[in-house]
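Protein chains in written order, with the working numbering: chain G, 1 to 598; chain V, 1 to 82.
Right under this line is the structure:
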């Protein structure tokens, strides 16, 4: 089963002969260089046999076209992690040249990485990035002296503002057209400084050398922190950091929920109900005679009715706005700050602050979150994160559907649902933290500077994500819509409903049409909610119970597939069965208790 | 301090977790961890301690100009002198 966001593997990428690699530390601004150099046709792929993904795009320089590869950020080339191993494989795959982006605010560590890269016999152009931030921190760097020390060109840049990008391209052109220095017999007779020949294999030596070079090229000056720098610092302190964090979360929810509702009611619903559906009704009505086929296609539950209504009006606005907000928080450096602030709470839940980013991603879609849990350093932590996402985190499509479901009732329902989700999250995480064997490593993260994301790279990221969603989620969504239409319009539903009646009507107290939600929820999560929207006269309690089932219900088919792939079939089955039981148990309990009280 | 079982060699030798906020320190010993090493958190490196978060939260330090948060359990194993 193809799943959303699952990326294809490209075994041939190492063999490509027109490769230019973009390398450097994480958060150094590589993707900003990438998006300003490539066009719109960029592809995200996975390295064959690994869990590491990269982005590649075509890049025109003068007359020639090259393949620019955004290699995932690494702090070193020590092969201590999978990402570093991939970076090493890339360096060994005969790239034409390397653009190494250096973080001017952290020169020593970056020069060390630069020295590591110079060991491979590949032409390198260095981009000395984040110079603006370094300057504000009171650091002045002599780029030409650094170029001499490294024996390779160094271009000063401020990538977010596109400063220095043209110069970098010019320099790259020069490097690419230069003849390789064959027959370099040794350094003594060489007129130019050629440190590539002299780089030590000993790690300690290179650290020492990085330290010496840094001391030579860097000068302390008077820095003046900008507003964003100061805000970034404040956000790291519990006061005012935690109130700011809560404000950001509320604001994000407001944009997604409020914006989604507005888009839906003002633009998308009228579009679907007044234009798209009548259009298809007219065409189909002219070809197909009234009857079962007509109903399956364009009846109340017809494929062409709910197909457009659910996908375009119900799901799309929320998915789009979620990624608008999430990508912004990601690129601006807000998320790592949340990780730091909430590490203590996460630690008590048996995981660590860094995993918070992965779990937040699960509010978009569980599949990338489960793939993203690869960044967890131990298997135990991966399992906990994945289980938490499956048990208690609604994906954005589902959230959208839940918001629409609760729209007719008191907003308290939505708040209660949020609290319920948090409670289940804490319970699952705490229980697994105690039950599962193994360790969870403590957090070690670098907090990047707070900044306004670069427009182009932000748009590129948003586009890649929306494209993934549209391509990958459409299949399962259409499948569940076809099933829904067939079940409902052929009368099959009534037959099945008889068997599930005791659970649906007895235990959960829902009308029998809700059966369809339970069946479709297996295929996609929002489909566990969407059919409830079509039932008229639901009480607030019924809506809440139905919402609870959906919230806690088993992960959709794509998630089941990714669990089986990333862990094994056993884990996938255990999670599916236990979420299913848990959902029916909790929702039924709420129904029964509410009836006792009321 | 109870977790810090190693015999203190001198008075000013302590873990970065307990060290006072807002001061410069030199690392005397750090755990052998690939990531710490790549981040430049190694013996003899000077670092600036910003703060320790309450309730078992991490330690925030500055290495050069970059801020790095380190979970309690590792931070307790990074020993520094003032």
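Backbone N, C-alpha and C fix where the C-beta goes; we use that ideal spot for every residue, glycine too.
Following the DSSP letters along the chain, one finds residue 25 (chain V) inside the beta strand (DSSP E) bounded by residues 23-29. Against chain V, the beta carbon of residue 137 (chain G) has neighbours under 8 Å at 65, listed in chain order.
In the three-state reduction of the DSSP assignment, residue 365 (chain G) falls in the coil class.
DSSP places residue 294 (chain G) in the uninterrupted alpha helix (DSSP H) bounded by 292-298.
No Cβ-Cβ contact shorter than 8 Å links residue 158 (chain G) with residue 125 (chain G).
Within chain V, no C-beta atom comes less than 7 Å from the C-beta of residue 482 (chain G); the nearest is roughly 48 Å away. Under the three-state reduction of DSSP, residue 156 (chain G) is assigned to strand. CA-CA distance, residue 395 (chain G) to residue 359 (chain G), rounds to 11 Å. Within the same chain, 219, 221 come within 6 Å of residue 140 (chain G) by CB-CB distance, once the 5 residues on both sides are set aside. In the DSSP annotation of this structure, the continuous segment of the alpha helix (DSSP H) that includes residue 323 (chain G) starts and ends at 316-332.
Across the set G:64, G:446, G:577, G:233, the C-alpha of G:446 shows the shortest separation from the C-alpha of residue 63 (chain V). By the neighbour-count criterion, in which 16 or more other beta carbons inside 10 Å mark a residue as buried, residue 384 (chain G) falls on the buried side. Beta-carbon to beta-carbon, residue 307 (chain G) and residue 516 (chain G) are separated by about 15 Å, too far to satisfy the 8 Å threshold. Residue range 46-52 is occupied by the beta strand (DSSP E) that includes residue 49 (chain V). Residue 110 (chain G) has its alpha-carbon roughly 22 Å from the corresponding atom of residue 166 (chain G). Shown in chain order are the members of the region 429-458 of chain G whose Cβ falls below 7 Å from a Cβ of chain V: 442, 443, 444, 445, 446, 447.
In the structure shown, residue 225 (chain G) falls within a coil segment according to DSSP collapsed to helix, strand and coil. Residue 323 (chain G) sits away from residue 452 (chain G), with the two beta carbons spaced by 8 Å or more. Setting aside the 5 residues that flank it on each side, residue 21 (chain G) is surrounded in the same chain by 69, 71, 90, 95, 98, each with a C-beta closer than 6 Å to its C-beta; the list follows chain order. For residue 70 (chain V), the chain G residues whose C-beta falls within less than 8 Å of its own C-beta are 442, 443, 444, listed in chain order. Rounded to whole angstroms, the Cβ separation of residue 23 (chain G) and residue 117 (chain G) is 7 Å, and the two are in contact under 8 Å.
Rounded to whole angstroms, the separation of the alpha carbons of residue 545 (chain G) and residue 590 (chain G) is 7 Å. For residue 63 (chain G), DSSP records no beta bridge to any residue.
As DSSP reads the structure, residue 59 (chain V) sits in a beta bridge with V:52, V:70. Interface residue (Cβ-Cβ distance to chain G less than 8 Å): residue 21 (chain V) is not classified as such.
Runs of the alpha helix (DSSP H) lying entirely within the region 91-170 of chain G and spanning at least 4 residues, in chain order: 107-118, 131-136, 143-150. In this structure, the straight-line span from the alpha carbon of residue 200 (chain G) to that of residue 85 (chain G) is close to 20 Å. CA-to-CA, the gap between residue 465 (chain G) and residue 361 (chain G) works out to about 12 Å. Identification of chain G residues near residue 74 (chain V) by a Cβ-Cβ cut-off of 9 Å yields 441, 442, 443, 444, ordered along the chain. For residue 109 (chain G), a Cβ of chain V is located within less than 8 Å of the residue's own Cβ. For residue 120 (chain G), the nearest beta carbon of chain V is not closer than 8 Å to its own beta carbon. For residue 79 (chain V), no CB of chain G lies under 8 Å from its own CB, so it is not counted at the interface with that chain. When C-alpha distances from residue 134 (chain G) are compared across G:449, G:227, G:586, G:570, the shortest belongs to G:449.
Put simply, the backbone Cα of residue 380 (chain G) is about 21 Å away from that of residue 363 (chain G). For residue 340 (chain G), the C-beta contacts it makes with chain V under 9 Å involve 53, 57, 58, 60, 67, 69, in order along the chain.
When C-beta distances to chain G are compared with 8 Å, the residues of the region 36-48 of chain V below that value are 36, 37, 38, 39, 40, 42, in chain order.
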